[in-house]
Structure formats: structure tokens, C-alpha cells
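1 is the number of the first residue of the sequence shown in full-length UniProt numbering; add one for each residue after it.
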Amino acid sequence: MEGLTKIDDLGKPRVVIVGGGFAGLELAKALADVPVQVVLIDRQNYHAFQPLLYQVATAGLDADSVVSPFRKILNGQTNFYFRLAEVQGIDEVSRVVETSIGRVRYDYLVLATGAEPNYFGDAQMAKNSIALKSVEDAIELRNTVLSNFEQALQLGDMEQINSLLDFVIVGGGPTGVEIAGALSELRKHVFPKDYRELNFKEMDIHLIQSGPVLLKGMSAHASQHALESLRKFGVQVWLEARVKSYDGYTVTLNTGQKLITRTLIWAAGVEGAPIGGLRPTCLLPGNRYCVDACSRVVGYDRVFAIGDIAAMQSPAYPDGHPMVAQPALQQGRLLGQNIARLLNGQDPLPFTYDDKGAMATIGRNHAVADVKLFGQEFHLTGFLAWLAWSFIHVISLVGFRNRLSVFFTWGWNYVTQDKGLRYIIGKSKTPVREQEVAEKAVV
């Protein structure tokens, strides 16, 4: 077929996976012993462990500790092929994927493109805030935090200094809570040593949550403990408050109150990242593909979607499963089995989500965890929850080297109460200056 990119034809059914997040990578592994050719396409050549991106953003871990190249992860899998490319569209009739390097033929197509920040149509927010969905985002946020302090040392006006020292985090889910907790630890133990000329009593951390509780989806016990811990750490938590606008300097809430900051961190929600080419009726609100119990995109026999991009509706999950790692991993494993069953002429098995619980860390020796074991749910807080959170995240990392690196880095940080990765490499978010905001307001 004209325009096809060069990939060796093994004479076996070809499974093309778009996206190498938790779901896509797990599927590729699950197909190791299935008589198919696995082609993974991703815009990056590595898998990123997203739950720890906030640690990169707050100088707790090096980016190298939370990423692993696809070719290294699957270098022993002989039916695996990787292509670094941007997927631009799908031609379902011809069964090809349009990419930046040409057209890729498929027999089975699996969309595992994940999610992207949802700004709810607010273009100004998208321009001025920083999200945390990629390694690049995490490094940019770390650079921005440190650059703000360097710039504050050059200023004499207290309002502008405070605008550089203060942070607003929008979204009270795990990401927002964990960033707020990490920044409060840095404010107490690290920044005053690095920037002795600045008064960090003036550094305010605001966490804004539109609902009445933090960590929605976790137990009431976990939500309340997180709220109390953050307030104890000096984080100003705003419940049932919404951000109406942010111009890069002034945050306006729906209550009419205004906060001044050069750095707004957006953790308020995500939506699916679909690809053009399938019927628009396949997409549900939130830009997620509607899939059946076997992960097939509704209306297609050979196109599947798994992970955050897939909305598998059921009475227990009317909006689809939570957009977190566990459903993605489990869907990837089962789809690998189901593709093998389809090749053998067997019916695929329906997906049943095994909810293992949820957890979030708030800071040193402080975390919350809802753990489900043997049909029982256990609610952990404090040091025990923090140990459980640390253990689960270390063993879940891809690659022994990364596990070892994170284990020793966290051990050193725990003993010294220091985070040594405080360097500025690459770009940071250029802060909007007060006079620029004033000029825009006049216009």
C-alpha cells in the first residue's frame, strides 16, 4: 500500500498500539507470547511513571528516575516494534493509522492515548497556568518555582515579591494535595536555607477545590485527614470555591476574592485525548471513547480503547472507570488475553475492575490510604499510610534501576530533610509582570 512506513512484515496479525502509558505498555507485555506483531507508536520514546511527576516538579526526584525507554523495557520481546511518531488520524476502512512518519497498517488497533488537561474551554487559563501531565510539565514547574525565587531577590516591591513567592493550586485530587504538601515541606526545610534573603513566612500556598471535600472518591476519613494535615502544614485550603479567571497575575474566585500569584498550578481535571478518524458518535462527554465490556470501541470490531481514553460504562461506573493506573493496567492485561482468544476463534472475556483502593501522600510521615484486601476496606493514615504509599510506588516503577534510585533518593531525603535536585535546566514559565496585566486591563 502506497505511503506505508517501513516495518518488517512478520506474516502475523499486526496489533498497533497508540500510546505507551500504563495501559499501552501493559498490553504490549501481555502480547509477548501471542502469535502477533506488536507495533507501539508514541510521541516519546519512553514510558513515564505519572504518579511521581509531582516529585520531579518539587525537586524530590530526578526525571531520569521516573522514565524508562520502551526499547529497554521490551528489548527481549521479539515480536515488539517501536516507532517514534505523532499519530494524526485513523483510516478505518483501509485499516491504517496516519502518522508523522507515514501510514502504518493494522489488523487490530488499540487506542491508549491517555488524557490531557481539561481547562473547560478557558483559553486564558490554558495559556497562563502550568499543568502536570508530562515530564516536560514537571521540569517546567520546578524551573518556574526556582526561577521565581531568583527573580524575587532582585525586587524591592513587596507585592511583586509576594506574587513570586505565593502559589495557587487548583484541584483537590491526589495531584493537588501532593503538590501542596510537597511545597509546604520545601517552604519549611529547604527554601529558607537556599534563599536566606527572602522571608518565607510570606510564602502562601493556596489549594482551591470546587467541591466540599478533598480527595473525592476516597473515604470521608481520608478526605478529612488530608484536610487537617494540610492546614496543619500551613496550606490555605479553599473548599467549594472556583477560579473564575487568571490573567497570569490575579486569580479571581467565584466568591469575588482575589489572590495574587505568578504561578497557578492546574490540577482540576483531565479529559481524553482522542484521535481523528472514527465516528464522532464514539466519543462521550469528556472526550473518552465509548467501549463495550471487552474494550471494543462501540461500532467497530477491530478497534479497541483502554486506559484513560476509554469509558466503559456500567451501573457501578456510569461515567467509566476512574482515570488512574489500576484500571488501565488491568484493561491492558485482559485485552492481551482477549486478542489471543479472538485469534483462536474464542469469544473475548468481559472486563471486571478489581478496585484495590486509593492513596495519596501529604508529606513526610503523612499520607492517607484506602486499601481493599480480602473483601474488606482498611483506612490508613499517618506514618503507616506513608510507608504503604512509598512501598507501592517503589515496586510499581518500571525497571530495577529506577526502583533502586528512588529508594535511595527517598532514604537520603528522609534522613537529611533535604531535596537536592534544585537546579534550573530548560525553560520555565515566563511570569506575567504586574504592569503588563495593568496595561491589558486598561485596554
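Glycine included, each C-beta is placed from N, C-alpha and C at the ideal position.
Within the continuous beta strand (DSSP E) that includes residue i, where are the two ends?
| i | result |
| --- | --- |
| ARG288 | 288-291 |
| LEU271 | Note on identity: in this sequence residue 271 is Glu, with Leu being the wrong assignment. Unbroken beta strand (DSSP E) run through GLU271: 270-272. |
| ALA367 | 366-373 |
| VAL360 | Looking at the sequence shown, residue 360 is not Val but Ala. Element bounds for ALA360: 357-363. |
| MET312 | 310-312 |
| TYR46 | 46-48 |
What are the boundary residues of the alpha helix (DSSP H) that includes residue i?
| i | result |
| --- | --- |
| HIS225 | 220-232 |
| GLU178 | 174-189 |
| residue 444 | Any answer about residue 444 is impossible in this case: the structure gives the chain only from 1 up to 443. |
| GLN330 | 325-343 |
| TYR54 | 53-57 |
Report all residues from its chain with a CB closer than 8 Å to the CB of residue i; omit the five preceding and five following residues, and keep chain order.
| i | result |
| --- | --- |
| ALA293 | MET312, SER314, PRO350, PHE351 |
| ALA388 | MET359, ALA367, ALA369, VAL371, LEU380 |
| ILE425 | ILE139, ASN143 |
In its own chain, which residues sit with a C-beta less than 7 Å from the C-beta of residue i, not counting the 5 before and 5 after it?
| i | result |
| --- | --- |
| LYS258 | THR250, VAL251, THR252 |
| GLY299 | ARG279, CYS282 |
| ASN413 | GLY60, LYS419 |
| PHE374 | none |
| VAL443 | Reliability of the predicted coordinates at VAL443 is poor, the pLDDT of 32 falling under 50, and no value is obtained from them. |
| ASN254 | ALA241, ARG242, LYS244 |
| PHE233 | GLY181, SER184, GLY363 |
| GLU202 | ASN162, LEU165 |
| ILE306 | ALA23, LEU27, VAL110, ALA112, SER295, ALA328, GLN331, GLY332, LEU335 |
| PRO348 | CYS294, ASN338, ARG341, LEU342 |
| ARG288 | GLY272, ILE309, ALA310, ALA311, GLY320 |
Give the single residue among the options whose Cα lies nearest to the Cα of residue i.
| i | options | result |
| --- | --- | --- |
| LEU111 | LEU40, ILE392, THR361 | LEU40 |
| LEU27 | ASP9, ASN79, VAL67, PRO51 | ASN79 |
| ASN143 | LEU31, GLY345, VAL56 | VAL56 |
| PRO35 | ALA358, ASN344, GLU377, HIS221 | ASN344 |
| LYS427 | ASP91, ASP137, ASP42 | ASP137 |
| VAL406 | VAL415, VAL394, THR416 | VAL394 |
| ILE392 | ALA358, GLN376, ASP91 | ALA358 |
| GLN326 | ILE17, GLY24, GLY11 | GLY24 |
| LEU214 | TYR353, VAL237, VAL190 | VAL237 |
| GLY171 | GLN77, PRO318, ASP355, LYS216 | LYS216 |
| TRP410 | LEU52, MET158, GLN88, VAL235 | LEU52 |
| SER100 | ASP42, LEU384, TYR46, GLY76 | ASP42 |
With a threshold of 6 Å on Cβ separation, who are the neighbours of residue i within its own chain once the five nearest residues in sequence on each side are excluded?
| i | result |
| --- | --- |
| ASP107 | PRO13, ARG14 |
| ASN118 | GLY269, VAL270, GLU271 |
| GLY181 | ILE362, GLY363 |
| ASN128 | TYR246, GLY248 |
| MET125 | TYR119, TYR246 |
Whole angstroms is fine: what's the gap from residue i's alpha carbon to residue j's?
| i | j | result |
| --- | --- | --- |
| GLN151 | ARG296 | 52 Å |
| LEU335 | GLY382 | 37 Å |
| TYR423 | LEU146 | 8 Å |
| ILE7 | ARG105 | 9 Å |
| SER408 | ALA328 | Reading the sequence as shown, one finds Phe at residue 408 and not Ser. Distance between the alpha carbons of PHE408 and ALA328: 28 Å. |
| ARG302 | GLN50 | 29 Å |
| ARG231 | GLY102 | 53 Å |
| MET323 | LEU84 | 25 Å |
| GLN346 | ASP308 | 27 Å |
| HIS206 | THR58 | 16 Å |
| GLY19 | ALA273 | 10 Å |
| ALA131 | ILE265 | 6 Å |
| ASN338 | ILE17 | 15 Å |
| GLU86 | GLN376 | 44 Å |
| LEU153 | GLN160 | 11 Å |
| ALA267 | PRO285 | 19 Å |
| ASP64 | GLY173 | 25 Å |
| LEU10 | ARG95 | 17 Å |
| GLY176 | VAL235 | 12 Å |
Looking at the ligand GTP, does it come within less than 6 Å of residue i, judged from the CB to the closest heavy atom?
| i | result |
| --- | --- |
| TYR423 | For the structure depicted, the ligand GTP is absent and the ligand set is empty, with no information on it obtainable. |
Would a check of beta-carbon distances place residue i closer than 7 Å to chain D?
| i | result |
| --- | --- |
| CYS294 | As a matter of chain content, chain D is missing from the structure shown, which is built from one protein chain. |
Indicate whether the contact test is met: 3 or more Cβ pairs, each with one atom in the segment 208-216 and one in the segment 233-246, closer than 8 Å. yes
Sufficient close CB pairs (3 or more, under 8 Å) joining the segment 188-197 to the segment 217-226: no
The segment 388-406 in contact with the segment 68-82 per 3-pair CB rule at 8 Å: yes
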